[in-house]
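In the UniProt record's numbering, the protein residues as written are 1 to 228.
Laid out in structure tokens, this is it:
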């Protein structure tokens, strides 16, 4: 499997994979990082499907955080041969980020730092980025995240339920972040177990794709090699 399609999460953009991409390309993988609009789950799935349509051959589809919701729906594309969840939501049919957060066995400390505007688009406060979202990163990296975060629709993206679940028919891999304050590791474990994923873990915070790119790339490479 030579194609890897990366889907970022809420409040960030495709450049959040910037440290992972060169590691994958060094292994001979062809990488595409999708820029999803975060305006609705339907829009985000459509953007991912367009990226899949443009690549030649089968692919591994990778999602971080909310990106896990997107790949669960978009992963039904016949080109997708496997799914990788990186500190991500892996919903079942009828589930959404908001619903899974409410039913999580452990509360998410980050929830209090997510603020909606009058149109329902959400952002994370500076405190949330520094303490919950990107606590392992340098101050300059945190400031860049604060300045560039993409407003994410609460009702149409985070609140939108999945209707078709790709992990029920395709193999999946999960990297669990044990110090996560956005998706507590207990919630990640629950979702990984029910999806029958091959599980790895790392003592990392939520933005593991920037804080621990080597560990992230290793899991993706393993999936691209069929689990070997």
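Cβ atoms here follow ideal geometry from the backbone N, Cα and C, with glycine treated the same way. Note that the structure is predicted; figures quoted are calculated from it, not measured.
Counting only runs of 3 or more residues that sit fully inside the segment 55-85, the beta strand (DSSP E) segments are 59-64, in chain order. For residue 172, the enclosing beta strand (DSSP E) has its first and last residue at 172-177.
Between the C-alpha atoms of residue 11 and residue 214 there is a straight-line separation of about 22 Å.
Beta-bridge partners assigned by DSSP to residue 6: 33, 62. Note on residue 102: under 16 other CB atoms within 10 angstroms of its CB, so exposed under the neighbour-count rule. Pairing residue 181 with residue 132 gives a Cβ-Cβ distance under 7 Å. Boundaries of the beta strand (DSSP E) around residue 116: 114-116. Distance from residue 58 to residue 79 at the Cβ level is roughly 5 Å; contact confirmed, criterion being Cβ atoms closer than 8 Å. In this chain, residue 149 is not harboured by any beta strand (DSSP E), its DSSP state being neither H nor E. Pairing residue 153 with residue 40 gives a Cβ-Cβ distance under 7 Å.
Between residue 90 and residue 177, the CB-CB gap reaches or exceeds 7 Å.
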